Each structure stands twice: as structure tokens, then as C-alpha cells.
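A short write-up of the structure that comes next.
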Amino acid sequence: MTNSIAIAGIHTGIGKTIASAVIAEAIGADYWKPVQAGMEERDILTVQQLLTNGGKRVHTEAVVLSQPMSPHAAAAIDGIEVDFTKFIWPQTKNKLLVETAGGLLSPMSSATTMADFISHYQLPVILIAQNYLGSINHTLLTLEVLKSRSIKLLGLIINGAANDSSESFIEQYSHVPVINRIPRLDVIDNDAIVKSAAHIRAHLQRYV
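Mapping of the sequence shown onto the working numbering: position 135 corresponds to residue 135, and the numbering continues sequentially without gaps.
Right, here's the structure in full:
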């Protein structure tokens, strides 16, 4: 999957979907979230609304689970087994951003994690981080997992408020570059995504 980039996170609820929309807008990429847990707030519908020409750049999930919980638990309720080796990938000439769920070691199935999925398809990763108490630990642990599995890391993007002390420590300790920061968006719509994309585009293009 040489034209694809995984968008992974250090934790759940840190804004990977919004970050994915901004990155996709910045580099003209398509978007795909292969496993969606919960049908009421499907991330592909959010990204369709946020991206310019989103209806043509957002691809249908491989698996949609009924319950908004960890995919392995939701799949058990639905009576299915998620097998990422059988996913049918979207066909596109654009770069494809592939958003994972939760953190890097969050389950994708009863026996696999998001990291297993990324490793299997040899996807390079943009890691989304956020500044909060404990985020240095979560970020460094995630970086260790990526390194131990020889997963190519393109860089870090900080989503939300800045913390120069935390970001500086992470960069100096890990030698991983912070590509840029996506500021907290008070209003989340296409205009806000376009403006944020313009802010990070030049920095991002050096890495992807």
C-alpha cells in the first residue's frame, strides 16, 4: 500500500479524525477509516462534510460495527470477527490517509491491534499527539512500539494547545520531529479545515 499513510494516535479521543481532515486537505489526500465502531457518529460522514469535495475523497469503511466501543468488543456483540488481511482497499490515484481507532495498541479484533494492522500493510505513520498530563509517557511509549516493530514514522503532529516544555522534551528524547501543530478549533467546518491546512501545508510536504 505504497500510496497510503496511517494516521495513528497516542490515545483515544485526541482528535485523529479532525487531524486527518486537516492533513488530507493540506496534501490533497483521500480518507478511509477501515473499522468504524458505532453507527450514530460515523467518522467518514464527519470528514465528508469537512473536506473540500469530500464526497469523492472519503471512502466507505471495510467494517461497520453497531456499538460505540472497542472494535474487539463491538465485533463480539455483532457476532463477527474482524480480519484485516481480507480488507478490500479503496481504489484511488491520490494518497490515502488511513485512520486507526484509539491508541496504537488498541484492539482491532479479538487477537490483533492497530499496530498489527499497520505492520501487516507496511504503512508509514503520522502520529497524532495531544498535550495533557501523561501525554509525554503515552507519546514515548507509542514511539517505542513503532520502533520495535520497524514501522516507518514520518513525524508527530500536535493536535490542540501547545506545551513547549512537553514538546521539546519529546523531540529531544526521541529525536522524532514535530511536523507542526493543529490549533484548537472553536468552530469545526470546511473553512476552519482549509485555514488549518494552509497553516501546516508547507511543513507537512517536507515529510510526506
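Virtual Cβ for every residue (Gly too), placed ideally from N, Cα, C.
Since this is a predicted model, take the numbers as computed values, not measurements.
Nearest Cα to Glu81 within the set Lys56, Pro68, Arg57 and Thr112: Thr112. A residue is called buried once 16 or more other Cβ atoms fall within 10 Å of its Cβ, and Arg57 is buried on that count. Scanning its chain for C-beta atoms nearer than 6 Å, with the 5 sequence neighbours on each side dropped, one finds around Asp43 the residues Thr17 and Lys33, in chain order. Of the residues assessed, Gly13 falls on the exposed side of the cut-off, its CB having fewer than 16 other CB atoms within 10 angstroms. Distance from Val125 to Lys152 at the Cβ level is roughly 7 Å; contact confirmed, criterion being Cβ atoms closer than 8 Å.
Counting the other Cβ atoms within 10 Å of the Cβ of Ala198 gives fewer than 16, which makes it exposed. Taken in chain order, the whole beta strand (DSSP E) runs of length 3 or more contained in the stretch 134 to 186 are 153 to 159 and 178 to 182.
Under DSSP, the beta-bridge partners assigned to Trp32 are His59 and Val98. Non-local beta-carbon contacts of Met69 in its own chain, meaning distances under 7 Å to residues more than five positions away in sequence, involve Ala37 in chain order. In the displayed model, Gly9 falls within a strand according to three-state DSSP.
Of the candidates Ala161, Leu154 and Ser150, the residue whose Cα lies closest to the Cα of Tyr132 is Ala161.
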